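The structure appears right after this line, and notes come after that.
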Amino acid sequence: MSSDNTFLPLAGKTAVVTGGAGGIGLAGVRLFRKAGARVIIADIDEAAGQRAAAETGALFVRCDVSKSADVQNVISAAEGKLDILYNNAGVYWNGRDGRITDIAEEDWERVLAINLRSVFLFCKYGLPLLMKQGGSVINTASSAGVIGIPDCDAYTATKGAIVQLTKSMAAEYGRYNVRVNCIAPAAIMTPMMRQSNPENSTFDEERFLKLRTPLRRYGTPEEIAKVALFLASAESSYLNGAIIVADGGITINGDLSKC
Ligand SMILES: NC(=O)c1ccc[n+]([C@@H]2O[C@H](COP(=O)([O-])OP(=O)(O)OC[C@H]3O[C@@H](n4cnc5c(N)ncnc54)[C@H](O)[C@@H]3O)[C@@H](O)[C@H]2O)c1
């Protein structure tokens with residue numbers, strides 16, 4: 011508790027949020043800041059990153075998460091103390107990603123680099139700091155990491171890998187009091203969500219919400235940020251290796267007849 015009786019679960023903590031300039035990441039940055047953390051935003055979008063920093067009081071470091079030098083630069087900005095690593099950045103390339111037989115080799119490589127190599131790099135360079143005092147790594151998968159979703163095979167491959175990487179990292183780094191967990195969202199209304207279902211496609215929103223989503227609505231970035239805050243804080247102190255599917259029930263919805 012702080013002196014004014016406000017509960018600040020991340021007081022004294024330093025967090026890196028990748029992709030924190032927009033969408034789910036920005037909601038996470040806002041909530042982590044409210045919870046008392048010092049936050050470093052790592053994002054490729056300079057203008058959005060500067061705006062997010064000005065709004066929230068976070069530090070923005072421009073970074074292509076697939077590039078080792080950029081990632082090491084972000085970790086340096088933590089100045090030797092890192093407690094929370096929120097690996098959130100990712101891309102879904104509608105129209106370029108697709109089924110295996112249609113994806114260009116360079117698109118496959120780029121999606122893997124942004125979505126998966128980034129997690130490797132941030133963990134490789136961030137974990138030595140986290141291991142000094144313990145901490146929390148939060149990875150981001152997707153419904154595409156736990157069920158098969160056609161027409162985005164590069165994306166799906168990265169998200170499935172992140173689920174498994176979360177488990178092996180949790181088993182390894184638990185002994186250093188570093189907990190590694192994963193959020194697997196779906197249908198969260200962000201720029202990515204809008205881009206993945208463009209208005210000119212055959213996507214039928216009404217049908218999707220009725221047939222696929224038990225809650226009959228999209229989720230909000232703030233709803234995912236609350237899960238991230240829980241995983242970042244001591245409130246989740248015995249969660250390690252958990253895959254929290256935060257999708258309003260989309261992936262467990264076996265009965266598609268009730269519409
Ligand atoms: N929105 C959803 O419904 C949904 C569903 C499942 C999983 N996810 C996952 O949640 C995460 C966030 O998704 P979102 O919907 O907020 O996406 P978004 O596109 O709205 O935001 C992504 C952020 O990542 C940044 N980014 C993209 N490429 C980058 C790079 N190379 N280097 C640094 N930053 C980069 C963007 O600038 C942006 O700020 C992603 O990993 C995504 O796969 C989202």
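Every position in the sequence shown, counted from 1, becomes a number in this note's numbering once 10 is added. Positions of the beta carbon are idealized from the N, C-alpha and C atoms, including for glycine. None of the values given here were measured: they were computed from a predicted structure.
Can you give the Cα-Cα distance for Ala37 and Arg43, rounded to whole angstroms?
10 Å
By Cβ distance, which residues of its chain are closer than 6 Å to Arg127, with the 5 residues on each side in sequence left out?
Ser76
Check whether the Cβ of Val71 sits closer than 6 Å to any heavy atom of ligand 1, and report yes or no.
no
Separation of Glu65 from Met11, as counted between CA atoms:
Because the pLDDT of Met11 is 45, which lies under 50, any placement of that residue in the model is unreliable, and the question is left without a value.
Going by the CB atoms, is the gap between Phe70 and Ile51 shorter than 7 Å?
yes
Roughly how many angstroms lie between the CA atoms of Ser146 and Val27, to the nearest whole one?
12 Å
Inter-stretch contact (C-beta, 8 Å, three-pair minimum) for the stretch 244-257 and the stretch 186-199:
yes
What span of residues does the beta strand (DSSP E) with Pro3 cover, start to end?
No information on residue 3 is available, as it lies outside the stretch 11 to 269 that the chain covers here.
6 Å CB neighbourhood of Ala180 in its chain, flanking five on each side removed
Val190, Asn250, Gly251
When you measure from the CB of Gly32 to every non-hydrogen atom of ligand 1, does any distance come out below 6 Å?
yes
Using only the alpha-carbon positions, how far apart do Tyr248 and Ala114 sit?
42 Å
So, for Tyr186: in the same chain, excluding its five sequence neighbours on each side, which residues have a beta-carbon less than 7 Å away from its beta-carbon?
Met141, Gly144
Give the secondary structure of Ser246 by DSSP, where H, G and I count as helix, E and B as strand, and everything else as coil.
helix
May I ask you to report which of helix, strand or coil DSSP gives Asp163?
helix
I'd like to know whether the C-beta of Ala37 is nearer than 7 Å to at least one C-beta of chain D.
Given the protein chain composition of this structure (a single chain), no chain D is represented.
DSSP on Ser146, reduced to helix/strand/coil?
strand
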